[in-house]
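Residue numbers (my numbering), protein chains in the order written: chain A, 17 to 391; chain B, 17 to 391; chain C, 17 to 391; chain D, 17 to 391.
There are 4 protein chains.
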Amino acid sequence: MNDETIRVGLIGSGYMGKSFSLAVGAAETLFGLPVALVKEMVATSNETSASNAAAELGFVRWTADWRELVADPNVDVIINCTPNHLHRDIALAALAAPKPILSEKPLGRTKAEALDMVQAADKAGVANMAGYTYMKNPATRLAKEILDSGEIGRVFHFRGLHIEDYLSDPSLPITWRLQKAQAGSGAVGDLCHIINMAHYLCGEITDVVADSSIVIPERPDGTPTGTSTVDTDDQTHILCRFESGALGYLELSRVASGRKMGLGYEINGSDGTIVFDQARMSELKLFTTKDSPDRQGFRTILLGPEHSDYGYFNSGPGHGLGYNDMVAIEVRDFILSVLDGRPVWPNFADAYHTEEVLDAAIQSTETGKWARVGS
Amino acid sequence: MNDETIRVGLIGSGYMGKSFSLAVGAAETLFGLPVALVKEMVATSNETSASNAAAELGFVRWTADWRELVADPNVDVIINCTPNHLHRDIALAALAAPKPILSEKPLGRTKAEALDMVQAADKAGVANMAGYTYMKNPATRLAKEILDSGEIGRVFHFRGLHIEDYLSDPSLPITWRLQKAQAGSGAVGDLCHIINMAHYLCGEITDVVADSSIVIPERPDGTPTGTSTVDTDDQTHILCRFESGALGYLELSRVASGRKMGLGYEINGSDGTIVFDQARMSELKLFTTKDSPDRQGFRTILLGPEHSDYGYFNSGPGHGLGYNDMVAIEVRDFILSVLDGRPVWPNFADAYHTEEVLDAAIQSTETGKWARVGS
Amino acid sequence: MNDETIRVGLIGSGYMGKSFSLAVGAAETLFGLPVALVKEMVATSNETSASNAAAELGFVRWTADWRELVADPNVDVIINCTPNHLHRDIALAALAAPKPILSEKPLGRTKAEALDMVQAADKAGVANMAGYTYMKNPATRLAKEILDSGEIGRVFHFRGLHIEDYLSDPSLPITWRLQKAQAGSGAVGDLCHIINMAHYLCGEITDVVADSSIVIPERPDGTPTGTSTVDTDDQTHILCRFESGALGYLELSRVASGRKMGLGYEINGSDGTIVFDQARMSELKLFTTKDSPDRQGFRTILLGPEHSDYGYFNSGPGHGLGYNDMVAIEVRDFILSVLDGRPVWPNFADAYHTEEVLDAAIQSTETGKWARVGS
Amino acid sequence: MNDETIRVGLIGSGYMGKSFSLAVGAAETLFGLPVALVKEMVATSNETSASNAAAELGFVRWTADWRELVADPNVDVIINCTPNHLHRDIALAALAAPKPILSEKPLGRTKAEALDMVQAADKAGVANMAGYTYMKNPATRLAKEILDSGEIGRVFHFRGLHIEDYLSDPSLPITWRLQKAQAGSGAVGDLCHIINMAHYLCGEITDVVADSSIVIPERPDGTPTGTSTVDTDDQTHILCRFESGALGYLELSRVASGRKMGLGYEINGSDGTIVFDQARMSELKLFTTKDSPDRQGFRTILLGPEHSDYGYFNSGPGHGLGYNDMVAIEVRDFILSVLDGRPVWPNFADAYHTEEVLDAAIQSTETGKWARVGS
């Protein structure tokens with residue numbers, strides 16, 4: 017790393033690995049970054065996949081040992097998109113170097129793992145960021161600006177959903193996501209984007225009561241007739257209280273038939289309401305009581321160059337952003353923080369609140385009682 | 017009451033009074049009823065309003081004493097649309113006569129009042145019905161048929177909302193709806209349509225945990241500067257469990273800016289999902305996994321003559337039903353039950369479950385614990 | 017007819033006959049009319065149907081001869097909802113009496129028939145109205161107010177559709193609507209609501225060029241294997257110029273699969289745009305450039321008590337109106353015009369412009385040239 | 017150009033220049049292309065902008081003379097995104113080399129210029145493609161598959177719009193797009209995507225009749241008070257006939273307030289209907305008469321990995337594609353055609369039909385008569 021170049025090391029080459037590679041490749045042209053980004057090295061779990069990943073994703077070098085990548089003197093910053101059980105160890109190694117790290121959500125499998133990461137980040141004093149990609153959508157950024165400006169007044173209620181159907185089909189086999197030992201939790205952890213989003217938009221959550229269920233308790237295990245037991249939640253829903261006094265509801269499901277990107281929210285305030293649906297990611301709905309009574313209605317704001325970051329991608333509103341464009345903004349935010357230490361959302365400490373809420377929610381499903389977040 | 021005529025007595029002449037009068041006037045032509053309905057007598061709280069109501073709503077006679085109406089030998093059946101605190105007494109008088117009664121929701125102010133009404137109805141053995149108008153929408157009837165047929169499989173989750181903004185404006189003065197003594201509860205009771213709808217669609221609810229808040233604690237009291245304290249909830253939300261094992265969420269608000277008729281639900285099942293929004297009352301959205309994977313999507317079914325009751329109103333789909341059309345179906349259902357004893361939804365016993373859920377939810381907001389429904 | 021009562025004679029008892037009967041029955045209560053409406057007499061084409069209609073629709077008397085109804089001294093006003101080929105003769109008889117008449121659209125089968133009706137109305141000097149029900153929707157009335165107020169500035173373009181699919185199925189048999197001799201024209205005449213709506217909203221049309229096609233040229237004739245030739249258009253579309261200088265497009269189809277009530281418009285002006293879809297009849301979409309650039313968007317105005325006529329039906333916005341509610345407004349407008357001579361939209365003269373546009377469009381499809389309206 | 021590398025020369029560095037640069041940078045990783053793409057050289061109109069463009073867009077070399085770029089032996093293929101008046105000359109030079117060329121739409125300013133390009137392409141025998149980016153959206157590709165498979169039967173009607181409001185504001189100054197000499201035409205040419213789309217989806221157009229208007233005839237010319245006359249259409253609309261017998265309507269506007277990406281279509285067939293709106297670019301609406309009558313409705317298909325090309329970008333449906341993703345597909349199609357000669361949509365000959373329709377439409381607005389396409 018010098019004034020002109022930042023060399024990126026990527027750990028993990030699955031779905032998010034490809035998205036991050038594209039983002040690293042595009043960020044300079046998109047945003048006019050003051051440094052060049054180099055795809056220096058990629059690490060995966062074995063030599064074949066690692067050498068393939070280097071070829072396919074355009075990295076200069078590869079390794080089957082992530083520790084080697086972290087230690088490599090030519091790797092300046094780390095992007096980690098491995099499964100949850102590796103998050104803590106990789107982050108701790110990177111921060112010990114110390115090297116800046118962007119780590120896929122959730123922070124760890126448990127609150128304890130997450131806390132280790134936050135403490136390491138505090139000590140390291142380098143850029144650190146958790147990969148909550150959807151927070152980078154200009155539509156949600158606009159929602160935040162509207163909330164912060166007081167346009168919809170005092171917030172009374174937040175309803176947030178992240179529901180999908182990727183595990184609706186009972187014939188889908190067991191994976192690491194379905195087993196507590198590796199994933200930590202089920203839908204509630206995998207789809208915790210909405211928890212982080214609630215935090216980003218409406219502030220800290222103080223109390224939760226939650227309920228969950230496993231609707232498909234056995235899954236094929238890959239043998240002709242064998243099955244394995246699922247021990248993580250297929251769906252969890254949560255009542256919560258924000259520090260501000262607002263009430264909140266969070267719903268997370270991986271078995272909501274027909275919902276492919278059911279991430280969204282409705283926020284009711286004293287002077288208006290905001291509604292968002294990630295499946296229509298370049299639209300934000302706004303109702304304001306400031307319109308005259310006979311002309312009031314939810315308006316659909318089509319994101320455009322008037323709104324933050326959108327203008328980097330397209331000349332006109334309605335042209336539309338896609339998923340990978342959010343990843344590019346995410347990488348841009350990370351790199352700028354690396355360069356000049358500016359804050360990012362969410363750094364490890366911000367993301368830790370998500371872990372605390374998650375932890376309290378899981379506790380609550382077990383005890384059947386309201387749980388205090390952070391206790 | 018004879019084979020050819022049923023003479024209706026109406027108590028209350030406000031908003032619902034007008035709708036019921038229109039419904040009584042239209043039902044014979046609309047549905048080809050085997051009897052004529054006569055608007056025999058109307059009762060309100062004073063002589064002026066009663067005589068005006070008779071003239072405006074087309075009733076033959078009027079009284080300022082509802083007991084007189086109930087006792088009148090020429091009144092065959094009672095429709096009661098007075099404020100909540102009169103529901104119990106009027107129902108008990110009518111059922112003692114015994115005369116069939118259609119009584120506006122909720123049954124009473126409290127579970128105890130409601131229980132009195134159910135017991136009186138059991139004893140009387142005449143037609144009795146609670147006024148949950150929205151249950152009569154052919155779209156919700158279609159949802160019920162889809163659920164009962166198994167088309168969307170086993171139900172995993174029900175999310176039901178009834179959110180409006182009729183009390184969002186803090187300058188609106190105190191009314192009976194805002195005071196516990198008269199209304200029993202706030203949004204949770206006034207908007208309990210969604211509780212009844214959850215029951216109608218997905219069966220009985222066994223457990224709830226709820227939270228609520230009063231966001232505008234003082235309202236003008238009508239004097240130049242005086243205010244009165246609001247002691248009923250502006251918003252309540254509830255996690256619940258159905259007897260079937262499904263999870264549920266219910267949200268009720270009278271301060272959800274921009275929501276005018278925010279009554280609706282999403283029901284996720286193993287093989288599909290149903291979505292409904294009363295503000296678009298002649299549409300039902302259905303997702304089914306039976307469509308081929310590359311052609312799956314939520315389809316918007318426009319209600320039409322293929323669906324129950326719709327054909328009585330219009331020749332074609334898309335012509336659209338309105339609020340008063342649902343009231344007409346409600347009156348039709350009541351009259352048919354009067355004639356031949358057929359079941360209606362909801363009779364007092366069905367509606368009592370709504371009261372039990374309400375009661376458990378209010379309990380839960382006070383204790384901060386899960387509450388068992390009916391205990 | 018006296019100060020207290022208007023006695024209605026209805027000719028035709030099909031779909032619209034039922035809707036008009038309901039409207040006559042409800043108008044007094046709905047609108048607080050200063051007179052009572054009496055369902056005096058109904059006429060249909062034979063004795064059985066006429067006596068059934070009287071029983072089902074609640075008329076005091078019946079006849080199988082419409083001339084008898086027109087001549088009857090106890091019939092004060094006429095509502096005519098017979099097929100197109102009877103419109104002219106009935107109107108001429110009623111106006112000769114003279115008795116006020118509300119006559120279903122279109123005026124006649126041809127421009128010549130329509131002109132006879134206009135001239136008879138001029139001479140008679142009594143209330144006359146053509147039955148363009150959709151013009152009575154408060155949403156379209158709101159669109160007119162917005163246009164007249166200049167809120168969206170100078171109108172550049174009007175796109176109006178009335179597309180349905182009631183004849184998409186090729187197995188549907190020949191009816192009077194499919195034969196020129198009885199219907200005058202096909203989709204273009206049957207769905208001419210959109211032409212009248214264009215006129216109502218944007219003023220007179222001066223020039224048209226049109227194209228049409230018959231996509232199902234043979235239909236079953238009711239015999240086991242026989243077919244009849246269709247000689248009316250299944251779809252017609254029209255470019256037009258308004259007197260104001262605005263450009264317009266009109267599309268009319270009875271074979272647009274999936275479109276059940278595809279009546280709607282988009283109007284682009286210098287300062288905004290209005291969009292309406294009759295299938296969501298209680299919503300109007302408005303875009304205005306007066307909103308700040310980063311908050312602009314199409315807003316969905318939910319009709320409510322703030323908007324004309326809506327308040328007669330329901331207490332709150334979002335409760336929704338239905339098709340029959342528009343018919344009630346139509347009857348109210350007619351009756352008020354009978355009472356005090358106030359103008360209605362559309363009277364026969366207004367509706368004649370629709371016939372002229374229709375005639376010019378049909379001409380244009382035959383000559384392949386632009387046609388001057390009214391020439 | 018060798019087996020491993022294709023070196024790209026880009027002419028023009030405006031909005032599309034940036035999009036093409038991103039696409040060239042991403043295509044290899046996105047699609048797993050068998051060759052590497054090198055951003056070899058960029059040409060703009062002067063040295064400053066050219067050297068800036070090279071730095072910002074990541075090109076190795078730059079020039080202020082496009083002829084130099086075309087002649088450069090290290091440039092293998094050309095992407096041209098200059099204003100319309102340069103399209104012909106650049107294409108002719110590239111094809112004379114001969115070098116493959118992807119040239120922004122429209123082909124030329126006039127049909128004559130376009131014909132020169134087609135003839136040069138025929139002679140050159142190298143890959144040639146016109147830049148109709150929206151044709152690359154997987155949603156429109158799905159529409160084409162549905163049409164080709166016969167799923168919605170015989171097509172009766174195509175309604176296509178491309179309406180935007182980028183010139184609604186009368187204070188916007190004169191640009192090359194507003195002057196015939198440089199642009200050839202106004203909205204009709206600039207937004208001719210919809211003409212190409214009609215062709216792609218429904219086949220050739222044989223006849224048109226059109227109308228247009230200039231609604232803001234004078235624009236500021238950059239001097240304090242001066243104005244210039246606009247001589248290109250602000251809006252044009254067209255009735256057309258397809259070779260298949262289907263009727264069509266095309267609407268093109270740059271003054272449709274509130275429409276930002278109003279590109280879309282509705283296609284009615286004997287067995288169903290397709291509806292698409294580019295502002296919701298990852299959704300396609302489908303109605304099919306094959307669903308049972310009481311379950312029919314427009315379904316919203318959310319594009320996903322089941323559909324062509326989508327899977328290259330994201331793991332799941334609903335994640336969403338953006339504008340630049342379509343440009344990437346466009347570049348991929350061009351490069352594959354360069355590599356193995358496979359057909360692309362649209363090559364110059366395909367795009368020439370768009371020019372012919374455009375030309376006939378402009379003719380028709382001048383003569384006031386139907387015009388035969390290609391005559």
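The C-beta atom is built at its ideal place from N, Cα and C for all residues, glycine as well.
Keep in mind the model is a prediction, meaning the values are calculated, not measured.
Neighbourhood of residue i by C-beta, 6 Å cutoff - its chain only, sequence neighbours within 5 removed
{"i": "Arg-348(D)", "result": "Ala-43, Phe-47"}
Under the three-state DSSP convention, the category residue i falls into
{"i": "Gly-278(B)", "result": "strand"}
{"i": "Phe-47(A)", "result": "helix"}
{"i": "Pro-359(D)", "result": "coil"}
{"i": "Cys-256(D)", "result": "strand"}
{"i": "Trp-78(D)", "result": "strand"}
{"i": "His-410(D)", "result": "This structure does not reach residue 410(D), given that chain D is present from 17 up to 391, and the question cannot be answered."}
{"i": "Thr-239(D)", "result": "coil"}
{"i": "His-335(A)", "result": "coil"}
{"i": "Ser-269(A)", "result": "strand"}
{"i": "Lys-306(B)", "result": "coil"}
{"i": "Ala-42(C)", "result": "helix"}
{"i": "Ser-298(A)", "result": "coil"}
{"i": "Ile-317(D)", "result": "strand"}
{"i": "Ile-190(B)", "result": "coil"}
{"i": "Ala-262(D)", "result": "coil"}
Residues sharing a beta bridge with residue i, DSSP
{"i": "Phe-292(A)", "result": "Tyr-281(A)"}
{"i": "Ser-126(A)", "result": "First, the amino acid is wrong: residue 126(A) is Thr here, not Ser. In DSSP, Thr-126(A) forms no bridge with anything."}
{"i": "Arg-388(B)", "result": "Asp-223(B)"}
{"i": "Met-57(A)", "result": "Gly-25(A), Arg-77(A)"}
Beta-carbon neighbours of residue i, restricted to chain A and to distances below 8 Å
{"i": "Gly-41(B)", "result": "Residues of chain A passing the Cβ test: none, with the nearest at roughly 30 Å."}
{"i": "Ala-272(D)", "result": "Near Ala-272(D) there are no residues of chain A at all, since even the closest Cβ is about 12 Å away, more than 8 Å."}
Sequence-distant residues of its chain with Cβ nearer than 8 Å to residue i (five each side left out)
{"i": "Ser-67(C)", "result": "Trp-78"}
{"i": "Glu-234(D)", "result": "Thr-243, Ser-244, Thr-245, Val-246"}
{"i": "Leu-73(A)", "result": "Leu-26, Ser-29, Gly-33, Lys-34, Ser-37, Lys-55, Val-58"}
Per-residue contacts from residue i into chain C (C-beta, under 9 Å)
{"i": "Arg-193(D)", "result": "Here the premise fails: no neighbours, minimum Cβ distance about 18 Å."}
{"i": "His-323(A)", "result": "Asp-310"}
Own chain residues within Cβ distance below 7 Å of residue i, not counting five before or after
{"i": "Asn-284(A)", "result": "Phe-172, His-173"}
{"i": "Ala-203(C)", "result": "Asp-249, Asp-250, Gln-251, Thr-252, Leu-268, Ser-269, Arg-270"}
{"i": "Asp-341(C)", "result": "Phe-329"}
Amino acids of chain C, ordered along the chain, whose beta-carbon sits closer than 7 Å to that of residue i
{"i": "Leu-263(D)", "result": "Asp-227, Ser-229, Gln-251, His-253"}
C-beta neighbour in chain E for residue i, strict 8 Å
{"i": "Ile-168(C)", "result": "The structure shown contains no chain E; the protein chains it does contain are A, B, C and D."}
Per-residue contacts from residue i into chain D (C-beta, under 9 Å)
{"i": "Asn-96(A)", "result": "Within chain D, no residue comes near Asn-96(A); the closest Cβ sits about 18 Å away, beyond 9 Å."}
Along the chain, which unbroken stretches of the beta strand (DSSP E) at least 3 residues long are found entirely within the segment 110-171 of chain B? 117-120, 144-147
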